[in-house]
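J.: Dropping a structure here in C-alpha cells format, bear with me for questions.
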Amino acid sequence: MIRIFTDFDGTITRGDVGDALFERFGGETSLKAVAAYREGSLSAVGCFRAECAACGDVDEGQLAGFLDSRAIDGSFTEFVGWCRERGFPLTILSDGMDAYISHILGRHGLAGVEYRANHLELVPAETPGAVRFVPSFPYTDEECDRCACCKRNRMLTESAEEDIMVYIGEGYSDRCPARYADLVFAKDDLLRWCREHSVPCYEYASFGDISARIGKMLTADGRGRRPGLPRRRRAAVARRDLYLGG
Ligand SMILES: [Mg+2]
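Per the working numbering: the sequence shown ends with 1042, consecutive numbering throughout.
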C-alpha cells in the first residue's frame, strides 16, 4: 500500500504558522528561545515550552483572527480527494501544534484529515476572553531532542513493512524522516539538504506536482504500482538498521 505522510507548516500552509504565531504573541522572548534551540543549548520541547510561556495571556479574538488569515496551498484540498479516491492513507506529521493545525484544516473544509503533532491546550486565562498556551508532547523520541514530535517514529510506526512510504516536506524537521521514506518530495530547505546529502527526491512546488508524479508511477487502475516502482534501498537499509539498533 502507498502511504503518504506530509509536513504541515510551510508545506500545506504558506509560510510557517508556528514560527509566526510565537513571534506574533511571544515576541523577542520567543525568538531568543528559538536562537538557543538552533545553537543546541535548548531541546525542541524546551523551546516550545519557553515560547508558550512567552505568549502569556493571548486574546482569543486576536488568535482566531491570526489563524483565519493563514493561507494554504490551494492544491492541497484536491490532493486530499485524490488520495481518498485511490485509498492512499494520508497523514500530516507536524512538529508544530495541533491547536492551529485543526483550526486551519477546519477552516478549509479539511477537518477529516489525520494529523500527528504536539498538543497545545488553550486554557482559559484570568484575563477575560484570553487563553494561555499549555503544551504537551505525546510523540517525543527517547534519544533525540532535536524535534518534539518525532516524525520518523510516527511514519515507521504507522506503516507496514511492505508499504511504500511517501514523505512530503520542506524544512528542518523533514530531514530525518526523508532518510527513511521510499519516495521523497522536497522543496526549499529540504530540497537543498537532500541534494547536499545525496538523498534522492523529487522537487515539487505544489501538491498538484506530487499527484501528477505519483500518478505516472501507478498502474492503469490508479491504485497499484508498476512492477518497476522501486523501494528505495538505502531507506530500507536505514529502517532495518534502526530496528536492529533500537
Ligand atoms: Mg515545515
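The C-beta atom is built at its ideal place from N, Cα and C for all residues, glycine as well.
1. Is it buried or exposed for Gly861, if we count other Cβ within 10 angstroms and need 16 for buried?
2. What are the complete alpha helix (DSSP H) segments, minimum 4 residues, inside the stretch 844-924?
3. Where do the ends of the alpha helix (DSSP H) carrying Gly836 lie?
4. Are there 16 or more other CB atoms within 10 angstroms of the CB of Thr809, so buried, or fewer, so exposed?
5. Would you mind stating whether Glu977 and Glu999 have Cβ atoms separated by less than 9 Å?
6. Three or more beta-carbon pairs under 8 Å between the stretch 844-854 and the stretch 809-828, yes or no?
7. Determine the closest residue to Asp864 out of Asn914, Ala895, Arg1029, with distance taken between C-alpha atoms.
8. Cutting at 8 Å between CB atoms, please list the residues of its own chain near Ala1031, excluding the five before and the five after it.
9. Is it right to say Pro973 is buried, meaning 16 or more other beta carbons lie within 10 angstroms of its own, or is it exposed?
10. Measuring from the CB of Thr953, is there a heavy atom of ligand 1 at a distance below 8 Å?
11. Quick one: give me the first and last residue of the alpha helix (DSSP H) that Arg1035 is part of.
12. For ligand 1, is there any heavy atom lying closer than 8 Å to the beta carbon of Phe872?
13. Exposed or buried, Asp803, counting other C-beta atoms within 10 Å across all chains shown (16 or more means buried)?
14. Check whether the Cβ atoms of Asp812 and Gly892 lie closer than 9 Å to each other.
15. Would you say the beta carbon of Asp869 comes nearer than 8 Å to a heavy atom of ligand 1?
16. Can a CB atom of chain C be found closer than 9 Å to the CB of Ala831?
17. Distance, Cα to Cα, Arg988 vs Thr873?
18. DSSP state of Ser955, grouped into three classes?
19. Please name the residue or residues paired with Arg928 in a DSSP beta bridge.
20. For Phe821, is the beta carbon positioned less than 8 Å from some heavy atom of ligand 1?
21. Please find out if some non-hydrogen atom of ligand 1 comes closer than 8 Å to the beta-carbon of Thr807.
22. Take the Cβ of Ile798 as the centre, count every other Cβ of all protein chains shown within 10 Å, and call the residue buried at 16 or more, exposed below.
23. Taking three-plus beta-carbon pairs below 8 Å as touching, is the stretch 876-887 in contact with the stretch 917-931?
24. Return the first residue and the last residue of the beta strand (DSSP E) that Leu1057 is part of.
T.: With the given structure in hand:
1. exposed
2. 856-864, 872-882, 894-903
3. Counting along the chain, Gly836 falls outside any alpha helix (DSSP H), and DSSP gives it neither H nor E.
4. buried
5. Residue identity check: residue 977 is Ala in the sequence provided, not Glu. Contact flag unset, no.
6. yes
7. Ala895
8. Met961, Arg975, Tyr976, Ala977, Asp978
9. buried
10. Thr953 Cβ: outside cutoff for every heavy atom of ligand 1.
11. 1029-1041
12. no
13. buried
14. yes
15. Result no, Cβ not under 8 Å from ligand 1.
16. Considering every chain present, this structure includes no chain C. It has just one protein chain.
17. One C-alpha to the other measures close to 27 Å.
18. coil
19. Val919
20. no
21. yes
22. buried
23. no
24. One cannot answer for residue 1057 here, as it falls past the ends of the chain, which runs 797 to 1042.
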